[in-house]
Amino acid sequence: MKSRRVGSTRGFTKAYAVSQPVRCKTKLTLGWHGQTPRNRAIECPMDAARGVCPCRRNREKARASVAPYASFHPRSLQRDACPCHPTQARLIDPAPQLVHDTHGYGQYNVIPCILGMCGILLSIITPQASAGGFDYAFHIAQQRVVKLYGMGAGQQVGYGTGMIASEDGYIVTVLSLLVSGNRIRAVTANGSRYEADLIKRDADRQLALLKLKWPEDVHQPLQDKPIGPLPFFDFTCDPAPQAACHEPLLPGDWILAAGNPFKIANGSEQMSLAHGVFSVRTRLDARRRTKDFPYTGDVLVIDAITSNPGSPGSAMVNLQGELVGMIGRLVISNRTHTHLNYAIPYDVLADFFKQATQASNADMAKTTIPTEVEAFDTGIRISRTGYRTILPFVDRVVRNSPAQRAGLRKDDLILSVNDHEVSDVSQFDKRMNVRGPAETVELIVLRGRSIVTIHIEAPEAKKAP
Amino acid sequence: MKPRSILILPLLIYCQTPVVMAQLPAKVNDDAALMIATQQVFREIAASMKSYLVRIDTVGGTQPGEQLNLDSDNKEGRKRSQNPFRDTLGSGFVIADGPATGIVYSRDGYILTSSFNFARRPVLISVTLPDGRRLAADLVARDHVRKLALLKVDAHDLSLPTWRDTQDVQVGEWAIALGLGFGGREPSVTVGVVSALNRMQGNAIQTDAKLSPANYGGPVCDIFGRVIGIAVPMAQRAGELAGVEMYDCGVGFIVPQSRISVIAPQLMTGKSFQRGWLGIQVRSVPGVGVVVQSIADPSPMRDAGAVPGDVVKAINGFHLRNYADLAKQIYMIPAGETLQVRLFRDGSAIDIDVALASAEALGMLPEAEEPFDPSVPVEERTPEDQKEPAPPSP
Numbered sequence: 157m158k159s160r161r162v163g164s165t166r167g168f169t170k171a172y173a174v175s176q177p178v179r180c181k182t183k184l185t186l187g188w189h190g191q192t193p194r195n196r197a198i199e200c201p202m203d204a205a206r207g208v209c210p211c212r213r214n215r216e217k218a219r220a221s222v223a224p225y226a227s228f229h230p231r232s233l234q235r236d237a238c239p240c241h242p243t244q245a246r247l248i249d250p251a252p253q254l255v256h257d258t259h260g261y262g263q264y265n266v267i268p269c270i271l272g273m274c275g276i277l278l279s280i281i282t283p284q285a286s287a288g289g290f291d292y293a294f295h296i297a298q299q300r301v302v303k304l305y306g307m308g309a310g311q312q313v314g315y316g317t318g319m320i321a322s323e324d325g326y327i328v329t330v331l332s333l334l335v336s337g338n339r340i341r342a343v344t345a346n347g348s349r350y351e352a353d354l355i356k357r358d359a360d361r362q363l364a365l366l367k368l369k370w371p372e373d374v375h376q377p378l379q380d381k382p383i384g385p386l387p388f389f390d391f392t393c394d395p396a397p398q399a400a401c402h403e404p405l406l407p408g409d410w411i412l413a414a415g416n417p418f419k420i421a422n423g424s425e426q427m428s429l430a431h432g433v434f435s436v437r438t439r440l441d442a443r444r445r446t447k448d449f450p451y452t453g454d455v456l457v458i459d460a461i462t463s464n465p466g467s468p469g470s471a472m473v474n475l476q477g478e479l480v481g482m483i484g485r486l487v488i489s490n491r492t493h494t495h496l497n498y499a500i501p502y503d504v505l506a507d508f509f510k511q512a513t514q515a516s517n518a519d520m521a522k523t524t525i526p527t528e529v530e531a532f533d534t535g536i537r538i539s540r541t542g543y544r545t546i547l548p549f550v551d552r553v554v555r556n557s558p559a560q561r562a563g564l565r566k567d568d569l570i571l572s573v574n575d576h577e578v579s580d581v582s583q584f585d586k587r588m589n590v591r592g593p594a595e596t597v598e599l600i601v602l603r604g605r606s607i608v609t610i611h612i613e614a615p616e617a618k619k620a621p
Numbered sequence: 005m006k007p008r009s010i011l012i013l014p015l016l017i018y019c020q021t022p023v024v025m026a027q028l029p030a031k032v033n034d035d036a037a038l039m040i041a042t043q044q045v046f047r048e049i050a051a052s053m054k055s056y057l058v059r060i061d062t063v064g065g066t067q068p069g070e071q072l073n074l075d076s077d078n079k080e081g082r083k084r085s086q087n088p089f090r091d092t093l094g095s096g097f098v099i100a101d102g103p104a105t106g107i108v109y110s111r112d113g114y115i116l117t118s119s120f121n122f123a124r125r126p127v128l129i130s131v132t133l134p135d136g137r138r139l140a141a142d143l144v145a146r147d148h149v150r151k152l153a154l155l156k157v158d159a160h161d162l163s164l165p166t167w168r169d170t171q172d173v174q175v176g177e178w179a180i181a182l183g184l185g186f187g188g189r190e191p192s193v194t195v196g197v198v199s200a201l202n203r204m205q206g207n208a209i210q211t212d213a214k215l216s217p218a219n220y221g222g223p224v225c226d227i228f229g230r231v232i233g234i235a236v237p238m239a240q241r242a243g244e245l246a247g248v249e250m251y252d253c254g255v256g257f258i259v260p261q262s263r264i265s266v267i268a269p270q271l272m273t274g275k276s277f278q279r280g281w282l283g284i285q286v287r288s289v290p291g292v293g294v295v296v297q298s299i300a301d302p303s304p305m306r307d308a309g310a311v312p313g314d315v316v317k318a319i320n321g322f323h324l325r326n327y328a329d330l331a332k333q334i335y336m337i338p339a340g341e342t343l344q345v346r347l348f349r350d351g352s353a354i355d356i357d358v359a360l361a362s363a364e365a366l367g368m369l370p371e372a373e374e375p376f377d378p379s380v381p382v383e384e385r386t387p388e389d390q391k392e393p394a395p396p397s398p
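From first to last, the protein sequence lines are chains A and B.
FYI, in our numbering the residues of the first sequence are 157 to 621.
FYI, in our numbering the residues of the second sequence are 5 to 398.
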């Protein structure tokens, strides 16, 4: 499994480049011998297999978004392959001159069907190199990530990966020193070179939005090749119901990450593919060196090793080639003290993209300023004398305080605050200080030999704003 | 869901897909369908194993540090002041205080996990059962050699996972590791294959599923959801934290069912396993073998009649060429087990039976009793030897 080749991707690219007419019939027939045309039929196999489209919602809206491409690849509309990913439809028929439906077979005709059956028989009797099943997703991902180069210092490397978020060149990546310099360069999958501007930075989520500069914007154009509309990942899918944007991701699902760790790839060279499974969705509690990592939202932990320089910003896709996350910055988990391999989930990215492209700078700032209102006093008093590690034993509970009403007693040992383990007083203080103004506190305490859960409600008077 | 039904589902999916995908090239879609079927199984296993996993939280305790090097300039002084038979703690890995994973071992509340999770010697251990009950737990016993630990909670009628017979496990089959180390109720899933059998003197199966503090103590399952064994940190050296630094690197170890079925009943009686020691200090001499330099008093080797200058030729029938061979034969054998040792003295072989002792049972190590002959070259030291200028044999 580890050494599986991404077999046919090169052939795929070739299919784009070759502009000579190829007949449908020929393609299908040739396909069984593992040559280039075989890839033509990779067209969203998952969708065909399920008989459903990955996007269950916003289908009409998405169909409308496909419309601009209809003029030069009408068949993609017939197929209606991936409405939420209009460019995937473009991928199926990358250039109009490739499509010569001279026989008028249409899409789901009898003859391709018979040929398909023959293909199954042939594939059974002819030994053939297996493509694996990851190649489709890798191809989708690899076309939609860019190699980034920028400022670096010491262990902060000056290279990385970004994901194309629109056909006119928005790039979503991680916030790092790389994008903080005054010159950022991006290289797309076909080797075209661009300069990029930093449009938005989100320090809380450690995300950045870049925009590629078009030739007329730069005085000395870097690119020597013509640039067309770029293939991109769709970040505009409504993230609220997660299933609407991609297949629901469950622990154990295959994931693929395409990026440029250690800047192995240059120019038009392929990105590096890493495969693994999605482990669990959990809240991030991590640090970089000695500083706590500012992002504390949900992350997708994976078992592919992606905590490498250059990997942050890599696109993480599922088997269907749908974007499910972006590899985050290199951090060390506070829960396990290990380097964490994780991705920022799609819904967080989509939310960021929406804010970054629509909101003004002031709006962005407003959402990130923490509230100034202080949290209510629970009435817990902890003994702070002792040795190096002071366990959070309750020393006293203030009379008529929320804690007393909740049933907390003297000498209870506090084990966790809001599902965060606290093993000493400083951690307890930290957890209590990050509460919202009226947030309920759930404590798990040890009382004698029994373990008790205590809900401390905010006092009524202070609940009102 | 029972393991048997897990098997049926992917098969159904796999059989049906050729019909559905008839219009598309068969091979490509066969591959894709197989991938979908596999991930479906991984999902099922994650969901089904949830009812056997327990989350372990610890409170208090301290980070086990490296050996204190108070007198590093004076190596002789340092050697005298410290017991050379003490287990070194090993890597400089820092243990976090996040939750750990265990698995239900008996219906009446025995929980099996890894001793790694208690290296900090916590003052309190609590266990959250699959049904959400959180109970205080007692640490019944630990196996410092196989890195296992047994907990007891006051619970009844817990459901038990199916265990995989170790005899049938084959290299190359799927290995799915589960853990609760990232918190929450959902286990994390990492997937790999069985890399090798009979590692660490038959005490471990090797896997490339990513094992880390997030799932040490948790089960590693086969593709049918049966537990192959318990994920533990392990390395070919001693120390409470040995092997942790290899986390997520593609080399991980599982204590298999065949070993657990022997060890766990003994742990239930409260018996802990300590690392076993011969109580000798040795030197590797090329062409000669492992030469005994000095013997602790009391020690198993002294009791068995060995004297300085003896050459340790073989242990349990395995021929020894150097110190590394000797260490490899011994480091996974707990105190109390008996070894057959073949010594060479004045050209004749002497076979003795030696019961390994724990570090506490060993006496002082006299200064080199065997006269040191500078004309005999000392063999290149192993990395382990470099840490300890005069390595005591295990």
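Every residue, glycine too, gets a C-beta built ideally from N, C-alpha and C.
On a predicted model such as this, the values are computed, not experimentally measured, just so you know.
Amino acids of chain B, ordered along the chain, whose beta-carbon sits closer than 7 Å to that of residue i
{"i": "A:ARG605", "result": "ALA140"}
{"i": "A:GLY288", "result": "ASP35"}
{"i": "A:ILE600", "result": "ARG138"}
{"i": "A:VAL457", "result": "PHE186 and SER192"}
Pair within 7 Å by beta-carbon distance, residue i and residue j
{"i": "A:ALA359", "j": "A:VAL473", "result": "no"}
{"i": "A:ILE499", "j": "A:GLY481", "result": "Reading off the sequence shown, one finds Ala at residue 499 of chain A, where the question assumed Ile. Taking 7 Å as the Cβ cut-off, A:ALA499 and A:GLY481 qualify as a contacting pair."}
{"i": "B:SER362", "j": "B:VAL236", "result": "no"}
{"i": "A:ASN416", "j": "A:GLY466", "result": "yes"}
{"i": "A:LEU304", "j": "A:PHE389", "result": "no"}
{"i": "A:LEU440", "j": "A:VAL455", "result": "yes"}
{"i": "B:THR132", "j": "B:ARG124", "result": "no"}
Interface residues of chain A facing residue i [CB-CB closer than 8 Å]
{"i": "B:ALA50", "result": "LEU406, PRO407 and GLY408"}
{"i": "B:GLN210", "result": "Chain A residues near B:GLN210: none, gap ~15 Å exceeds 8 Å."}
{"i": "B:VAL98", "result": "HIS493"}
{"i": "B:ASP112", "result": "Correct list: empty, because the minimum Cβ distance to chain A is about 18 Å."}
{"i": "B:ARG263", "result": "Correct list: empty, because the minimum Cβ distance to chain A is about 25 Å."}
{"i": "B:ASP61", "result": "LEU571, SER572 and GLU577"}
Alpha-carbon to alpha-carbon, residue j and residue i
{"i": "B:PRO165", "j": "B:ARG111", "result": "10 Å"}
{"i": "A:THR362", "j": "B:LEU162", "result": "Before going on, a small fix: residue 362 of chain A reads as Gln here, not Thr. Approximately 44 Å, taken between the alpha carbons."}
{"i": "B:LYS332", "j": "B:PHE120", "result": "21 Å"}
{"i": "A:ILE627", "j": "A:MET319", "result": "The shown model of chain A, from 157 to 621, leaves out residue 627 of chain A, and the question about it has no answer."}
{"i": "B:VAL198", "j": "B:GLN174", "result": "7 Å"}
{"i": "B:HIS148", "j": "B:GLN171", "result": "25 Å"}
{"i": "A:PRO230", "j": "A:GLY469", "result": "Interpretation of A:PRO230 is limited by its pLDDT of 28, a score under 50 that renders its predicted location unreliable; no figure is taken from the coordinates."}
{"i": "A:ARG565", "j": "A:ARG587", "result": "20 Å"}
{"i": "A:GLY592", "j": "A:LEU486", "result": "28 Å"}
Neighbouring residues, chain B, relative to residue i (Cβ below 9 Å)
{"i": "A:ILE461", "result": "LYS214, ASP252, CYS253 and GLY254"}
{"i": "A:LEU475", "result": "ALA36, MET39, ILE40 and GLN43"}
Per-residue contacts from residue i into chain A (C-beta, under 7 Å)
{"i": "B:VAL38", "result": "According to the sequence displayed, residue 38 of chain B carries Leu and not Val. Residues of chain A passing the Cβ test: GLY289."}
Interface residues of chain B facing residue i [CB-CB closer than 8 Å]
{"i": "A:VAL433", "result": "GLN43, PHE46, VAL193, THR194 and VAL195"}
Within chain A, partners of residue i - CB distance below 9 Å
{"i": "B:PRO103", "result": "ARG491 and GLU577"}
Near-chain A residues of the stretch 120 to 135 of chain B - C-beta to any C-beta below 8 Å: VAL127, LEU128 and SER130
Determine which residues of the stretch 571 to 584 of chain A have a Cβ less than 9 Å from any Cβ of chain B, and write them out in chain order. LEU571, SER572, ASP575, HIS576, GLU577, VAL578, SER579, ASP580 and GLN583
Taking a cut of 8 Å between CB atoms, which residues from the stretch 165 to 194 of chain B lie near chain A? ILE180, GLY185, PHE186, GLY187, GLY188, GLU190, PRO191, SER192, VAL193 and THR194
Where the stretch 218 to 233 of chain B meets chain A: residues whose CB sits under 7 Å from a CB there: ALA218
Which of the residues in the stretch 485 to 496 of chain A, read from start to end, lie with their CB under 8 Å from any CB of chain B? SER489, ASN490, ARG491, THR492, HIS493, THR494 and HIS495
Against chain B: residues of the stretch 435 to 454 of chain A by CB proximity under 9 Å: So the list reads SER435, VAL436, ARG437, THR438, ARG439 and ASP441, given in the order they occur along the chain.
Output, in sequence order along the chain, the residues in the stretch 239 to 252 of chain B whose CB is closer than 7 Å to any CB in chain A. TYR251 and ASP252
Would the stretch 243 to 253 of chain B count as touching the stretch 289 to 308 of chain B if we require 3 or more Cβ pairs under 8 Å? no
Quick one: any contact between the stretch 265 to 276 of chain B and the stretch 310 to 322 of chain B, if contact means 3 or more CB pairs under 8 Å? no
For the stretch 37 to 47 of chain B and the stretch 97 to 105 of chain B, state whether three or more C-beta atom pairs, one from each stretch, are separated by less than 8 Å. With a cut-off of 8 Å on Cβ pairs, the stretch 37 to 47 of chain B is not in contact with the stretch 97 to 105 of chain B, counting fewer than three such pairs.
Any contact of the stretch 58 to 65 of chain B with the stretch 195 to 213 of chain B, i.e. 3+ C-beta pairs under 8 Å? no
Count the CB pairs spanning the stretch 448 to 462 of chain A and the stretch 221 to 239 of chain B that are closer than 8 Å, and state whether there are at least three. no
Check whether the stretch 485 to 497 of chain A touches the stretch 336 to 351 of chain A, counting contact only when three or more Cβ pairs, one atom from each stretch, lie closer than 8 Å. no
Could you tell me whether the stretch 350 to 357 of chain B touches the stretch 275 to 285 of chain B, using the rule of 3 or more Cβ pairs below 8 Å? no
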